[in-house]
Amino acid sequence: WMCVHKGGADAELPAYILVAFGVDRLGRRKSITLLGFTCAASLLLMPVIPTVALKTVLAALARMAIAGSFAVIYVYTPEVYPTGIRGTGMGICVAAARIGSTLSPFVVELLIEIRDYVPLLVFAAVVASSGCVAMLIKTETASAPMSDE
183 WMCVHKGGAD
193 AELPAYILVA
203 FGVDRLGRRK
213 SITLLGFTCA
223 ASLLLMPVIP
233 TVALKTVLAA
243 LARMAIAGSF
253 AVIYVYTPEV
263 YPTGIRGTGM
273 GICVAAARIG
283 STLSPFVVEL
293 LIEIRDYVPL
303 LVFAAVVASS
313 GCVAMLIKTE
323 TASAPMSDE
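Under this note's numbering, the first residue of the sequence shown is numbered 183, with each subsequent residue one higher.
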């Protein structure tokens, strides 16, 4: 489990660079979906991989994918809201993200008591479900003007 923590900030910079160059070509929804499923797949593979080195690579890939996904979501969210509620919408979304990041260590502590891989399964399910939800969103904002309504 400790190898998850080794994929930290080293994975975020490449994620931001890839997102900066790829999000307009691929689109916001597809980027969120692809990155979410990449993160989920990495997390699901970690319990069955025998070597710490490969687990570390998967942890870094998961961290890279989730950081990239968050970056795309941070760009995409205000583009979806009309100007009149854009600030409120972003505030609510950021608050929800912060609550989730605050609670996640406690969730890990509770779930790791069951089995050491259970937190990975739960987080993979959450990230995969976010990828599914992203596919359901009808609005694609890549190369589209922002709404002033």
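Note that CB positions come from ideal geometry on N, CA and C, so glycine has one too.
These figures come from a predicted structure and were not determined experimentally.
- Query: Leaving out five residues before and five after residue 324 in sequence, what residues of the same chain have Cβ atoms less than 6 Å from its Cβ?
  - Reply: Working through the sequence shown from its first residue, we reach residue 324 at position 142. Here the set comprises 206, 209 and 210.
- Task: Note down the Cα distance separating residue 317 from residue 310, rounded to an integer number of angstroms.
- Result: Against the sequence shown, residue 317 aligns to sequence position 135. Against the sequence shown, residue 310 aligns to sequence position 128. Roughly 11 Å between the two C-alpha positions.
- If we ignore side chains and look at the alpha-carbon of each, how far apart do residue 184 and residue 307 end up? Here residue 184 refers to the residue found at position 2 of the sequence shown. Here residue 307 refers to the residue found at position 125 of the sequence shown. Any answer about residue 184 is weak, because its pLDDT of 44 lies below 50 and its placement is not dependable; what the coordinates show is given next. C-alpha separation (whole angstroms): 20 Å.
- Counting only the same chain and skipping the five closest in sequence on each side, list residues whose C-beta sits under 7 Å from that of residue 255. As a position in the sequence shown, residue 255 is number 73, starting the count at 1. Within the same chain, residue 255 has close Cβ partners 214.
- Message: Alpha carbons only, please: which of 259, 192 and 281 is nearest the one belonging to residue 271?
- Response: One-based indexing of the sequence shown puts residue 271 at position 89. Comparing Cα positions, the closest option is 259.
- Query: In its own chain, which residues sit with a C-beta less than 6 Å from the C-beta of residue 217, not counting the 5 before and 5 after it?
  - Reply: In the sequence shown, counting from the first residue as 1, residue 217 sits at position 35. Once the five neighbours on either side are set aside, the close Cβ partners of residue 217 are 247, 250 and 251.
- Message: At the level of alpha carbons, what is the spacing between residue 243 and residue 221?
- Response: In the sequence shown, the residue the question calls residue 243 occupies position 61. In the sequence shown, the residue the question calls residue 221 occupies position 39. About 7 Å.
- Item | Sequence-distant residues of the same chain with beta carbon closer than 8 Å to residue 188, five excluded per side | Residue 188 sits at position 6 when you count from the first residue of the sequence shown. Confidence at residue 188 is low in this model, with a pLDDT of 49, below 50, so the placement of that residue is unreliable and no value is reported for it.
- Task: Taking all protein chains shown into account, decide if residue 283 is buried (16 or more other Cβ within 10 angstroms of its Cβ) or exposed.
- Result: As a working note, residue 283 is residue 101 in the sequence shown. Per the 10 Å Cβ criterion, exposed.
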